[in-house]
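Convert by adding 130 to the 1-based position in the sequence shown; the result is the number in our numbering.
Think of the CB as a built atom: it goes at the ideal place given N, C-alpha and C, for glycine as much as any other residue.
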Amino acid sequence: MTSATGAIATPNDLEAYWMPFTANRSFKQNPRMVARAEGMFYYTPEGKPVMDGTAGLWCCNAGHAREPIIHAIQAQARELDYAPSFQYGHPKVFAAAARIAALAPGDLDHVFFAGSGSEAADSALKIALAYWNVSGRGSKTRLIGRERGYHGVGFGGISVGGMVNNRKFFGGLLTGTDHISHTYDREKQAFSKGEPEYGAHFADDLERVVALHDASTIAAVIVEPMAGSTGGLPAPKGYLKRLRELCDKHGILLIFDEVITGFGRLGFAFAAERYGVVPDMITFAKGVTSGTVPMGGVIVRKHIYDAFMNGPDNVIELFHGYTYSGHPLAAAACLATLDIYREEGLFERARAMEPMWADAVMSLKGEPNVVDIRTVGLVGAVDLAPRADGVGKRAFEAMDRLFREEGLMVRTAADTIAFSPPLIITENQVEELIGKLRRAIRAVAN
Ligand code: PLP
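This is the structure in structure tokens:
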């Protein structure tokens, strides 16, 4: 096998890298490698095309190797490769913040930058705690997440997150967290296109948590408008509005984790717009640079920013930040990416394609072992029944087969195959993607 650099890779070459969220030993026996990407496709080191059915890791929304982004990153590296973000600024980070704020609904108009989605989630949780502190309500310290939620892998994120494997190995986690129930009920929601009709009442579980802990102890609730990592579970119709109402009623901050749903995945700049709900904070990452340079952040409403800006002029308002907050290469990549989204109308394109996409994905209903399908925006998720003997996962086998035999990259989570292509996908490519999935689902039937 040849490596990305063209050098011959020996088994030893694969050994040093401890891969994240990967079965390292089996991967290294038979790796799935990509060495190049362009448009809708990855290419293996041998040059075989692999359709990108996942926009990388839910992030390459503009597709790969986009010239304006490449150019912006190269030019930025030459002009200003790095600048400290504490007590110094550079023009592009201010421009990026203004552009992102302009895309966010309501008075979500200030942007705090981080380097990733995990850092964005932890930043939002810390801002929530500090907000109540500077507002004279320091008893509000409890952070509420949701079962099946994913907010990255920082200690804050895994504490409010609801994925057992991401939590159970890591000790007691943050104290003072709790979870509301997830929103999935297969019996009542199976094969829903878009937001399921059933399930707005799952938001009322916040009342249970408030009754248990009292609102005077609760700082914030964080949810994904669509749970991505646990299988593409869209919020039921009316759910997010109800959650907003309950947060208002009890004086609790509402945070939308839009690391996946931001930047067009659901046909809008942010899912908040799709659902007509203005949260107090939005976390973002991934699509903000179309995955090209790591960047994440938190957009906050005016009242939150203002609460911090009341002290003496020369005092640091928030003791939080990262070496790579607002990195010049990320800011340049962000501006070029947002230009592409706007010039090519990619959010609107995703919205316009949603009905065709949903029909195409739903056409997999009736294939062997398919027990549920969900679609929303340009996201599709297919649940396969577990094998009776419990050995192996059909979804994982399908993923591996799709890569090797069909030339398609998808993601798996337990028994779910999830796919979320770049927003530049054409209708023909949608059909091609579904055809590959259909063949793989049939191939792993037994
Ligand atoms: N939040 C959500 C909703 C995510 O889906 C992810 C990653 O998939 C994260 C946070 C973490 O982002 P990162 O992997 O950039 O730390």
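Judged by their CB atoms, L508 and A528 are not nearer to each other than the 7 Å cut-off. Following the DSSP letters along the chain, one finds Y261 inside the alpha helix (DSSP H) bounded by residues 247 to 264. Shortest gap from the CB of H281 to any heavy atom of ligand 1: under 6 Å.
Nearest in C-alpha terms to E536, of all of G329, T152, Y172, is Y172. Here the alpha carbon of N576 sits roughly 50 Å from the alpha carbon of V430. Per DSSP, I555 is not a residue of any beta strand (DSSP E), being assigned neither H nor E. Where M492 is concerned, there is no enclosing beta strand (DSSP E), although the alpha helix (DSSP H) around it starts and stops at 476 to 492.
Unbroken beta strand (DSSP E) runs of no fewer than 3 residues, entirely contained in the stretch 141 to 189, are found at 166 to 168, 171 to 173, 179 to 182, following chain order. Annotation for V389 indicates a beta carbon within 6 Å of some heavy atom of ligand 1.
With contacts defined as CB atoms closer than 7 Å, G426 and A415 qualify as a contacting pair. At a Cβ-Cβ threshold of 7 Å, A349 and T271 count as neighbours.
Annotated as proximal: D502 and R316, with beta-carbon spacing under 7 Å. Here Y405 is actually not in contact with A244; their C-beta atoms are around 24 Å apart, not less than 8 Å.
In the three-state reduction of the DSSP assignment, T271 falls in the coil class, being assigned neither a helical nor a strand state.
Within the stretch 355 to 411, the complete beta strand (DSSP E) segments at least 3 residues long are 383 to 387, listed from N- to C-terminus. Around the beta-carbon of A548, 16 or more other beta-carbon atoms lie within 10 Å, marking it buried.
At a Cβ-Cβ threshold of 7 Å, R196 and L468 do not count as neighbours.
A distance criterion of 6 Å places the beta-carbon of G291 beyond contact range of ligand 1, judged by its closest non-hydrogen atom.
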